[in-house]
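In the UniProt record's numbering, the protein residues as written are 1 to 369. Below you'll find the structure, written out as structure tokens, and then a few comments.
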């Protein structure tokens with residue numbers, strides 16, 4: 001869709017999944033000063049010790065006791081996903097994840113020699129996977145469960161009781177769990193619960209996170225993960241032989257973000273909350289659209305089947321007629337063809353223009369009955 005959009009003027013792009021805010025100045029200046037002071041060489045393959053200690057302290061303040069030696073710094077969250085897949089799927093096996101899902105999961109699993117299997121999470125359930133259906137999809141080849149909450153593309157947050165049930169399944173069926181929590185700072189109804197805190201998870205769960213979304217640092221490419229010590233010994237091997245380490249200046253920027261003022265980041269979360277509530281209120285009134293109230297992230301996943309089009313045709317027609325970019329649902333799995341993803345990653349004035357255009361579009365194409 002991004003390539004098609006180049007042929008049009010005054011396009012409002014609701015497709016890009018990154019904060020539109022720049023990294024705060026205090027983070028940039030701290031990283032620049034450290035670089036001028038000589039922080040430009042290789043970092044330790046496990047990550048800057050100061051950064052790992054700061055992350056450990058931050059996690060402890062949130063009630064999670066994770067020592068620095070159980071934390072691995074990576075080249076973005078994707079680096080953590082690559083490392084865990086290559087560590088645990090070296091002899092094949094299946095990874096089971098709810099659909100809709102982040103599209104890169106299939107590549108990460110496939111590059112490691114595994115296979116991604118999916119279980120459909122339904123619109124009617126708020127895109128919360130049903131634990132019994134998840135367990136029914138487990139077979140002798142299943143090695144891992146892969147969760148994402150708050151979720152991309154749905155904005156759904158897995159509730160505690162669902163995580164309790166999934167944790168019990170993982171223990172009983174001897175499955176490892178990877179919990180992708182890169183949007184955990186953007187939970188609109190209080191802190192998002194994590195499966196890591198459930199009984200039996202400390203030795204069979206890896207949490208993947210990143211500075212990208214929480215601190216508006218997508219271009220710095222600094223992620224991290226934490227989990228059992230036995231897995232850390234394997235992850236550092238993959239990092240050492242693939243990227244050597246995460247960026248040294250990027251890690252210093254991450255340290256500044258963790259230790260410095262929190263107000264700029266809270267303001268960003270507040271803004272995404274405001275935008276998401278606004279977009280939801282507008283979409284919910286449009287004929288032919290169905291949308292769940294988002295619980296986190298900055299996405300919404302809308303059912304457009306009432307327009308008589310699938311997500312791909314809808315996205316192409318919306319761009320041609322109204323110059324608004326959205327992402328077709330099929331990007332996030334074959335069961336998602338009736339949907340589109342909307343990212344609230346443009347300023348409010350542009351969101352208002354986009355919603356006006358979509359409302360006009362749906363009055364032409366949506367159901368009126």
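Where is the CB? At the ideal position from N, CA and C, for every residue including glycine.
Secondary structure of residue i, DSSP reduced to three states
i           : result
residue 366 : coil
residue 97  : strand
residue 64  : coil
residue 236 : helix
residue 355 : helix
residue 127 : coil
residue 278 : helix
residue 69  : helix
residue 143 : strand
residue 202 : coil
residue 186 : coil
residue 171 : helix
residue 289 : coil
residue 211 : coil
residue 373 : Only positions 1 to 369 of the chain appear in the structure, and residue 373 is not among them; the question remains open.
residue 196 : helix
residue 56  : helix
residue 222 : coil
residue 91  : coil
residue 116 : strand
residue 301 : strand
residue 155 : coil
residue 111 : helix
residue 84  : helix
Proximal residues to residue i (C-beta, below 7 Å), its chain only, five neighbours per side dropped
i           : result
residue 198 : 163, 164, 167
residue 284 : 291
residue 374 : This structure gives no information on residue 374, because the portion of the chain shown stretches from 1 to 369.
residue 369 : With a pLDDT of 36 at residue 369, under the threshold of 50, the modelled position of that residue is not reliable, and the figure given next carries that caveat. So no residue of the chain qualifies.
residue 261 : 26
residue 101 : 118, 148, 332, 333
residue 374 : An answer regarding residue 374 cannot be provided, because it is not within the stretch 1 to 369 covered by the chain.
residue 74  : 80, 83, 223, 224, 225, 239, 246
residue 195 : 147, 163, 166, 167, 177, 179, 201, 205
residue 330 : 311, 312, 336, 337
residue 243 : 75, 79
CB contact flag (residue i, residue j, <7 Å)
i           : j           : result
residue 68  : residue 58  : no
residue 158 : residue 178 : no
residue 98  : residue 121 : yes
residue 304 : residue 314 : yes
residue 209 : residue 181 : yes
residue 232 : residue 72  : yes
residue 143 : residue 93  : yes
residue 155 : residue 296 : yes
residue 294 : residue 286 : no
residue 191 : residue 160 : no
residue 54  : residue 255 : yes
residue 153 : residue 341 : yes
residue 222 : residue 83  : no
residue 206 : residue 219 : no
residue 20  : residue 346 : yes
residue 356 : residue 338 : no
residue 169 : residue 135 : yes
residue 15  : residue 353 : no
Residues near residue i in its chain [Cβ-Cβ closer than 8 Å; skip 5 each side]
i           : result
residue 265 : 24, 185, 214, 215, 216, 257
residue 85  : 95, 108, 109, 111, 112, 114
residue 11  : 5, 319, 323, 324, 325
residue 49  : 68
Proximal residues to residue i (C-beta, below 6 Å), its chain only, five neighbours per side dropped
i           : result
residue 13  : 325
residue 31  : 249, 252, 253
residue 173 : 138
residue 141 : 93, 94
residue 77  : 182, 208, 210, 223
heavy atom of the ligand NAD below 6 Å from residue i C-beta
i           : result
residue 330 : The model depicted lacks the ligand NAD and carries no ligand whatsoever.
### Task
Starting from the N-terminal side, write out each stretch of the beta strand (DSSP E) that is 3 residues or longer and does not extend beyond the region 6–54.
Given a length threshold of 3 residues, the region 6–54 has no whole run of the beta strand (DSSP E) inside it.
### Task
Mind the definition here: the region 240–257 touches the region 41–55 only if three or more C-beta pairs lie below 8 Å; say whether that holds.
yes
### Ordered list of beta strand (DSSP E) runs contained in the region 240–269, each at least 3 residues
none
#### Entry: Ranges of the beta strand (DSSP E) found wholly within the region 306–353, counting only runs of at least 3
339–343
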